[in-house]
Every structure is written in structure tokens, then in C-alpha cells.
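Asks: Mapped onto our numbering, the consecutive letters of the sequence shown carry residue numbers 191 to 436. Once you've had a glance at the structure underneath, I'll fire off some questions.
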Amino acid sequence: AYRQLTIIMSTGKTFELAVILDNTVAELKKLIEEHESIEAQCQVILKDNQQVADNELLCNCLANWYDPLNVKIVLGDPLALDHSLLAPQFDFDFTDIDDAGEKFTRSNYQYEQPCGSKRIALNVAGEYGLDDRWLDMAGNDEEEWPVSYHGTGQHNAMSIAEEGYKISKSQNFKFGRGIYSTSEIEVTKLYAKAFEPEGQKYCVIFKSRVNPRYLTVISKEENEIGTYWVSSKGPDDTDDDITDLI
């Protein structure tokens, strides 16, 4: 039978999850990952300030079923990437840029600049040909790839930057199997979980180039939210390369 278990995050956030008495702590971590977008490896489950082992059954670590469990988030500089992954010469500050009324394109697709953000450029030179025409900004080059955005949680940012998008980690393919992103910044923010260190609100968004050969565009009329892009080269991989962290 399912029971409601109260979870208290180290940020102070509290929520309830439906769990089974015979669930392990490891299974609980996966539920928290799905609920909060915090990877299981970054969680420490605490009971009375003592860490609970992953293989422990929930029924054994709760003296009173209605007692809460605390979750500590353990990270070592979550956004501290290996320098080889970065291309600082392409960093850019969009904080004070207002491009209202202007129109931009990449590969004949509409491109929205990430106004109000700061861009941390990732090193993707040479990934798809030595000439790097896929990264061009002319707007109409047939070899140029369009730009999309993907919102995520703070604690997933490093693994995505290092490993790229993983279809195997995706679920609920409403419009077909693939990596989902969008060309619209405001739609992206709906999926980027905000965090507030020292009272300042931030969110993590990946800016990507998408191979137009494997791109399906889902219009706002079809999903009632905004424009979705679905990118999938095949059952196990995609031509979808992350270029920036903003």
C-alpha cells in the first residue's frame, strides 16, 4: 500500500511523496529526482541527522511512519566545469540587451537572443566538420544549424554539459521520441527550475544547435504552450549539440 511521506529539503522546501513501505532509500532518491530534478547521486537522506544507507528499507528507518525524512543536497561546485569544456572567448553578457522589435534567424529559423542572461560558452569546435559551418550566424547558410533552448535544474547542469543530452533519461514522449527543446525563451523558463542563492534568483538554460535534418517542429496550436522542437537522429542518439550555458 502507498503511504504519504513528508520530505524536507535542505533549502527548507517541504513536500509529500507517495511511497511503499518496502521501498528502499535508493528508490526514494529516484522519486525525489523525478519530483525535484536533483540527481540521486547528489542526495543524502537523513533521519535524526544520521545518513541512511541506500539499501535500507523505508519501513526500517522510520520509527514513526508520520515522521519526516530530511534530504541534504551534496554538491562539489555543481557548475564548476573542466576548463577543456569551456570556450571563454565566446562568453557574452546579455544582461542589459533589449532587442525588442528586431528579428534574427539561424538556418532560416527564428532565433531569440537570451536577453537578460549571461552566456558561458562551451567548447564544441570541430564536433561536426572542421569548417564549423554548423555554428555560423549568417541566418541563411544551408549548413548552419538553428538555435534552441533547453531548461533544466541546477543540479543537472554539469552532467548535461559534460555528457550531452541523453534520450535514455527522457520520459513521456508526447510528440515522438527525441530530445525536446524550444526556440522560445519564455517556454524554456517553464522547465528551468529556479534556485535562489543569497536571495538572488537564477535558472539554468542550455543553448543548443540542432541539426535541421532531424528536427520536427511542434506548433503552439498543437500543444497550447509554445513551440516545441523534437530532435532525434535515431533510436539511441541525436544530432543536438549544446553550445552555451546561460
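C-beta atoms are modelled at their ideal positions from N, C-alpha and C, and glycine is treated no differently. Here the structure is a predicted model, which is why all the values come from computation and not from measurement.
Candidates 417, 220 and 280: which alpha carbon is nearest residue 365's?
Replies: The shortest Cα separation from residue 365 among 417, 220 and 280 belongs to 417.
Asks: Opposite residue 196 in the DSSP bridges: which residues?
Replies: Residue 196 is bridged to 206.
Asks: Flag this pair as yes or no: are the beta carbons of residue 382 and residue 391 separated by less than 7 Å?
Replies: For residue 382 and residue 391, no; Cβs fall outside 7 Å.
Asks: Hey, could you find the ends of the beta strand (DSSP E) residue 236 is sitting in?
Replies: Looking at the DSSP string, the run of the beta strand (DSSP E) that includes residue 236 is 233 to 237.
Asks: Report the CB separation of residue 369 from residue 422 in whole angstroms; it is logged as a contact under 8 Å.
Replies: The Cβ separation is near 7 Å, so the contact holds.
Asks: Return the CA-CA distance between residue 234 and residue 293, expressed in angstroms with no decimal places.
Replies: Roughly 47 Å between the two C-alpha positions.
Asks: Quick one: complete alpha helix (DSSP H) runs, 4+ long, within the region 360 to 385?
Replies: Counting whole runs of 4 or more residues, the region 360 to 385 contains the alpha helix (DSSP H) stretches 375 to 379.
Asks: What does the alpha-carbon distance come out to for the pair residue 336 and residue 295?
Replies: C-alpha separation (whole angstroms): 8 Å.
Asks: Report the start-end ranges of each beta strand (DSSP E) in the region 312 to 342 that is 3 residues or longer and not cut off at the edges.
Replies: Listed in chain order, they are 337 to 342.
Asks: Run the CB neighbour count on residue 256, radius 10 Å, all protein chains shown included, and call it buried at 16 or more, exposed below.
Replies: Exposed, because fewer than 16 other Cβ atoms sit within 10 Å of the Cβ of residue 256.
Asks: From residue 193 to residue 411, what does the alpha carbon distance come to, in whole angstroms?
Replies: Near 39 Å, if we compare the C-alpha coordinates of residue 411 and residue 193.
Asks: Can you grab the Cα-Cα spacing for the pair residue 377 / residue 334, in whole Å?
Replies: Those two C-alpha atoms are separated by around 23 Å.
Asks: Can you look up residue 299 in the DSSP assignment and give me helix, strand or coil?
Replies: Of the three classes helix, strand and coil, the one that applies to residue 299 here is strand, per DSSP.
Asks: With 16 as the cutoff for other CB atoms within 10 Å, does residue 372 come out buried or exposed?
Replies: Per the 10 Å Cβ criterion, buried.
Asks: What number of angstroms, rounded off, separates the C-alpha of residue 206 from the C-alpha of residue 396?
Replies: Using only the alpha carbons, I get a separation of about 30 Å.
Asks: Go through its chain and collect everything with a Cβ distance to residue 174's Cβ below 8 Å, but skip five positions before and after it.
Replies: The displayed coordinates of the chain run from 191 to 436. Any statement about residue 174 would go beyond what the structure contains.
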